[in-house]
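Following our numbering, the residues of the sequence shown are numbered contiguously, the last one being 309.
Quick reminder that beta carbons are idealized off the backbone N, C-alpha and C, glycines included.
All values reported here derive from a predicted model rather than from experimental measurement.
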Amino acid sequence: MAELSAESGVPVATIKYYLREGLLPAGERTSPNQARYDEGHVRRLKLIRALVEVGGLSVATVREVVAAVDSDEPAYHVLGVAQRALTGFAADVPEDEREWAMETLSALARKHGWKFGPDNPVAPSLVGTMCTIRALGHEALLDQLGRYAEIADRIAEADLDTIDASVPMDRIVEAAVVGTVLGDRLFEGLRRLAQAAETARRYPDGR
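#1: Which same chain residues, not among the five before or five after ALA278, have their C-beta less than 7 Å away from its C-beta?
#2: Taking only runs that begin and end inside the segment 271-308, name each unbroken alpha helix (DSSP H) of 4 or more residues, in chain order.
#3: What are the partner residues of ALA137, as DSSP defines its beta bridges?
#4: Here's the rule: buried if 16 or more other CB atoms are within 10 angstroms of the residue's CB, otherwise exposed. What is LEU288?
#5: Grab the span of the alpha helix (DSSP H) containing LEU207 for me, first residue to last.
#6: Mark ARG249 as exposed unless 16 or more other C-beta atoms lie within 10 angstroms of its C-beta, in which case mark it buried.
#7: Might you give, ordered along the chain, the residues of its own chain that have their beta carbon closer than 8 Å to the beta carbon of GLY281, omitting 5 neighbours on each side?
#8: Give me the residue from GLU175, ALA203, ALA104 with the minimum Cα distance to VAL229.
#9: Round the Cβ separation of HIS143 and GLY129 to the nearest angstrom and send it over; I've been treating them as touching at under 8 Å.
#10: For MET103 and ARG200, I'd like the C-alpha separation in whole angstroms.
#11: With DSSP run on the structure shown, which of helix, strand or coil describes GLU259?
#12: I need the DSSP call for MET103, collapsed to helix, strand or coil.
#13: Helix, strand or coil, according to DSSP, for PRO226 in the structure here?
#14: Short check: CB of VAL283 to CB of LEU153, under 8 Å?
#15: Do you know whose CA, among ALA251, PRO196, ASP198, lies nearest ARG311's CA?
#16: Considering only the beta carbon of each residue, do LEU243 and ILE235 sit closer than 8 Å?
#17: What does the alpha-carbon distance come out to for the pair ALA137 and CYS233?
#18: Tell me the rounded alpha-carbon separation between PRO127 and LYS118.
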């Protein structure tokens with residue numbers, strides 16, 4: 103375990119915690135006090151650490167995600183688990199507002215060839231976000247929904263271009279999860295940089 107800690111950069115105490123919590127599979131027992139770990143354990147530790155420290159996911163959510171990665175479920179199912187983990191926000195909104203948001207999103211999904219419905223993992227978050235924006239009187243942001251959707255299509259293409267179809271399925275699934283969790287954080291940072299630059303261009307005198 104000391105070697106595993108040195109290789110992964112994760113403290114021994116943290117590794118033991120991940121083992122107890124079921125996030126990391128046990129090593130091959132070689133004696134009462136020792137176990138053998140391999141590169142798979144190193145990779146898993148780095149994934150867990152990235153999901154917790156960079157992705158901001160809870161240990162319980164990471165447990166659900168890594169269990170899905172280790173399952174024989176199709177890649178889209180595992181991606182759905184990751185999406186649910188990232189989209190926990192769901193505002194309590196009136197039914198008529200919820201219906202408006204669902205109708206708007208359904209029309210947008212049809213236009214872009216997306217699958218969308220009440221059971222979609224992102225539906226509660228999207229509906230709650232749209233209704234909150236509307237309630238705050240920022241309809242101008244919602245007017246740009248079509249442009250955001252077009253950008254989302256381009257981002258999805260970029261996401262899938264990062265996945266090597268020749269590697270084992272568990273690595274493909276892991277790449278999809280990383281792209282979903284950490285890709286959101288990456289784009290969030292790039293968006294902030296772009297917003298600052300565009301603001302400076304539009305308002306050069308600082309007003």
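With the structure as the only source:
#1: Numbered from its first residue, the sequence shown carries residue 278 at position 176. Excluding positions up to five away in sequence, the list reads ALA177, VAL180, LEU181, ILE265.
#2: The alpha helix (DSSP H) runs lying completely inside the segment 271-308 and spanning 4 residues or more are 271-304, given in chain order.
#3: Numbered from 1 along the sequence shown, position 35 holds the residue referred to as residue 137. Paired residues: ARG131.
#4: Here residue 288 refers to the residue found at position 186 of the sequence shown. Classification of LEU288: exposed, given that the 10 Å Cβ count is below 16.
#5: Sequence index remark: in the sequence shown, residue 207 carries index 105 (1-based). Taken as a continuous stretch (DSSP letters only), the alpha helix (DSSP H) holding LEU207 covers 197-214.
#6: One-based indexing of the sequence shown puts residue 249 at position 147. It counts as exposed.
#7: The count along the sequence shown starts at 1 and reaches residue 281 at position 179. ASP261, THR264, ILE265, listed in sequence order.
#8: Along the sequence shown, read from residue 1 onward, the residue named residue 229 stands at position 127. Ranking GLU175, ALA203, ALA104 by Cα distance to VAL229 puts ALA203 first.
#9: Position 41 of the sequence shown, counting from 1, holds the residue named residue 143. Position 27 of the sequence shown, counting from 1, holds the residue named residue 129. About 7 Å separates the two Cβ atoms, so the contact holds.
#10: Counting from one through the sequence shown, the residue named residue 103 turns up at place 1. Counting from one through the sequence shown, the residue named residue 200 turns up at place 98. Looking at the two C-alpha atoms, the distance is approximately 51 Å.
#11: Translated into positions along the sequence shown, residue 259 becomes position 157. GLU259: helix per DSSP, three-state reduction.
#12: Looking up residue 103 in the sequence shown gives position 1. Coil at MET103, not helix or strand.
#13: Residue numbering aside, residue 226 sits at position 124 when the sequence shown is read from its first letter. Of the three classes helix, strand and coil, the one that applies to PRO226 here is helix, per DSSP.
#14: Residue numbering aside, residue 283 sits at position 181 when the sequence shown is read from its first letter. Residue numbering aside, residue 153 sits at position 51 when the sequence shown is read from its first letter. Yes, these two residues count as a Cβ contact at 8 Å.
#15: Residue 311 lies beyond the residue range present for the chain, which begins at 103 and ends at 309; the question has no answer from this structure.
#16: Position 141 of the sequence shown, counting from 1, holds the residue named residue 243. Position 133 of the sequence shown, counting from 1, holds the residue named residue 235. Result yes, Cβ atoms of LEU243 and ILE235 sit closer than 8 Å.
#17: Residue mapping note: residue 137 aligns to position 35 of the sequence shown, counting from 1. Residue mapping note: residue 233 aligns to position 131 of the sequence shown, counting from 1. Cα to Cα, the separation comes out at about 53 Å.
#18: On the sequence shown, position 25 is the one that residue 127 refers to. On the sequence shown, position 16 is the one that residue 118 refers to. About 11 Å.
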